[in-house]
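Visitor: The structure that follows is given in the form of structure tokens.
Residue numbers (the working numbering): 573 to 756.
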């Protein structure tokens with residue numbers, strides 16, 4: 573179930589790194605199939621809105637493969653929780669990955685003390701995650717892991733995890749190498 577989904581993400585990322593292209597065919601037949609039979613994504617990816625982090629490409633995924641939730645800093649809001657609950661409960665997706673990335677602008681803004689207007693809601697969440705840590709790479713991991721903890725506050729998601737119907741974990745995308753590493 574979720575182990576197979578994680579394996580598929582790893583294989584897709586390896587293909588992305590070694591071939592630097594997306595093998596998925598986006599043809600009319602696939603679109604028709606998804607329209608007629610609905611979506612059955614194999615993974616939910618909560619990731620940053622950063623344009624350098626295109627989840628479908630990173631995992632060589634095609635139409636209908638991933639349920640992607642994006643926002644600045646991959647922080648978790650009630651809307652993100654609701655979206656994840658929908659994908660896990662109603663679409664039957666068995667893997668949820670919070671995908672952070674290196675050189676994250678939201679983490680950098682938090683470390684630099686930036687945060688005017690609406691961005692403050694993002695940097696405040698990240699500050700809660702990183703506490704006193706100053707190393708950007710460690711902060712990016714702490715932020716992703718904190719988002720996993722926030723998702724587990726959902727009774728629906730935590731129940732699905734407890735009953736082995738959903739695995740929730742953090743991952744980190746290195747924007748320089750293209751590699752994704754998943755937490756153990």
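Note that the Cβ used here is the ideal one computed from N, Cα and C, for glycine as well.
According to DSSP, simplified to helix, strand and coil, what is residue 642?
Guide: Here the question's residue 642 lines up with position 70 in the chain shown. Three-state result, residue 642: strand.
Visitor: Return the CA-CA distance between residue 657 and residue 728, expressed in angstroms with no decimal places.
Guide: Here residue 657 corresponds to residue number 85 of the chain shown, with the count starting at 1. Here residue 728 corresponds to residue number 156 of the chain shown, with the count starting at 1. Taking the straight line joining both Cα atoms gives about 7 Å.
Visitor: What residue from 586, 740, 752 and 754 has the CA that sits closest to residue 666's CA?
Guide: Taking the first residue of the chain shown as position 1, residue 666 is located at position 94. The shortest C-alpha separation from residue 666 is found at 740.
Visitor: Closer than 8 Å by C-beta to residue 637: which residues in its own chain qualify, once you throw out the five before and the five after it? Chain order, please.
Guide: Sequence index remark: in the chain shown, residue 637 carries index 65 (1-based). The answer, listed in chain order, is 596, 613, 614, 615, 628 and 631.
Visitor: State the Cα-Cα distance for the pair residue 752 and residue 746, rounded to the nearest angstrom.
Guide: Here the question's residue 752 lines up with position 180 in the chain shown. Here the question's residue 746 lines up with position 174 in the chain shown. Those two C-alpha atoms are separated by around 6 Å.
Visitor: Quickly, what does DSSP pair residue 668 with across the bridge? List them, please.
Guide: Here residue 668 refers to the residue found at position 96 of the chain shown. For residue 668, which the question treats as bridged, DSSP gives the partners 616 and 740.
Visitor: Thinking C-beta only, is residue 671 closer than 7 Å to residue 583?
Guide: Counting from 1 along the chain shown, the entry for residue 583 is found at position 11. Counting from 1 along the chain shown, the entry for residue 671 is found at position 99. Result no, Cβ atoms of residue 583 and residue 671 do not sit closer than 7 Å.
Visitor: Can you tell me the Cα-Cα spacing of residue 607 and residue 715, whole angstroms?
Guide: Numbered from 1 along the chain shown, position 35 holds the residue referred to as residue 607. Numbered from 1 along the chain shown, position 143 holds the residue referred to as residue 715. Going by the C-alpha atoms only, they are around 36 Å apart.
Visitor: If you run the structure through DSSP and keep just helix, strand and coil, what is residue 588?
Guide: Counted from its first residue, the chain shown places residue 588 at position 16. Helix.
Visitor: If you reduce the DSSP assignment to three classes, tell me which class residue 731 lands in.
Guide: Sequence index remark: in the chain shown, residue 731 carries index 159 (1-based). Residue 731: helix per DSSP, three-state reduction.
Visitor: Excluding the five sequence neighbours on either side, which residues of its own chain have a C-beta within less than 8 Å of the C-beta of residue 699, listed in chain order?
Guide: As a position in the chain shown, residue 699 is number 127, starting the count at 1. For residue 699, where only same-chain residues beyond five positions count, the Cβ hits under 8 Å are 682.
Visitor: Could you have a look at residue 745 and say whether DSSP puts it in helix, strand or coil?
Guide: What you label residue 745 is simply residue 173 of the chain shown in a count that begins at 1. Reduced to three states, the DSSP call for residue 745 is strand.
Visitor: In its own chain, which residues sit with a C-beta less than 6 Å from the C-beta of residue 624, not counting the 5 before and 5 after it?
Guide: Start at 1 with the first residue of the chain shown, and residue 624 comes out as number 52. Once the five neighbours on either side are set aside, the close Cβ partners of residue 624 are 747.
Visitor: Have a look at 646, 663 and 738 and flag the residue whose alpha-carbon is nearest the alpha-carbon of residue 611.
Guide: Residue mapping note: residue 611 aligns to position 39 of the chain shown, counting from 1. Measuring from the Cα of residue 611, the nearest candidate turns out to be 663.
Visitor: Could you tell me if residue 704 is buried or exposed, where buried requires 16 or more neighbouring beta carbons within 10 angstroms of its beta carbon?
Guide: One-based indexing of the chain shown puts residue 704 at position 132. So residue 704 counts as exposed.
Visitor: Using the DSSP secondary-structure output, state which residues sit across from residue 679 in a beta bridge.
Guide: The residue you call residue 679 lines up with position 107 of the chain shown. Beta-bridge pairing links residue 679 to no other residue.
Visitor: Using 10 angstroms around the beta-carbon of residue 718, count the other beta-carbons present and answer buried if the total reaches 16, otherwise exposed.
Guide: Start at 1 with the first residue of the chain shown, and residue 718 comes out as number 146. So residue 718 counts as buried.
Visitor: Looking at the structure shown, is residue 647 part of a helix, part of a strand, or coil, going by DSSP?
Guide: Counting from 1 along the chain shown, the entry for residue 647 is found at position 75. Correct three-state label for residue 647: coil.
Visitor: From the DSSP output, in three-state form, read off residue 720 for me.
Guide: By 1-based counting over the chain shown, the position of residue 720 is 148. If DSSP states are grouped into helix, strand and coil, residue 720 belongs with the helices.
Visitor: Throw me the rounded Cβ distance for the residue 645 and residue 679 pair, which I believe falls under 8 Å.
Guide: Taking the first residue of the chain shown as position 1, residue 645 is located at position 73. Taking the first residue of the chain shown as position 1, residue 679 is located at position 107. At roughly 7 Å, the Cβ-Cβ gap stays under 8 Å, so residue 645 and residue 679 are in contact.
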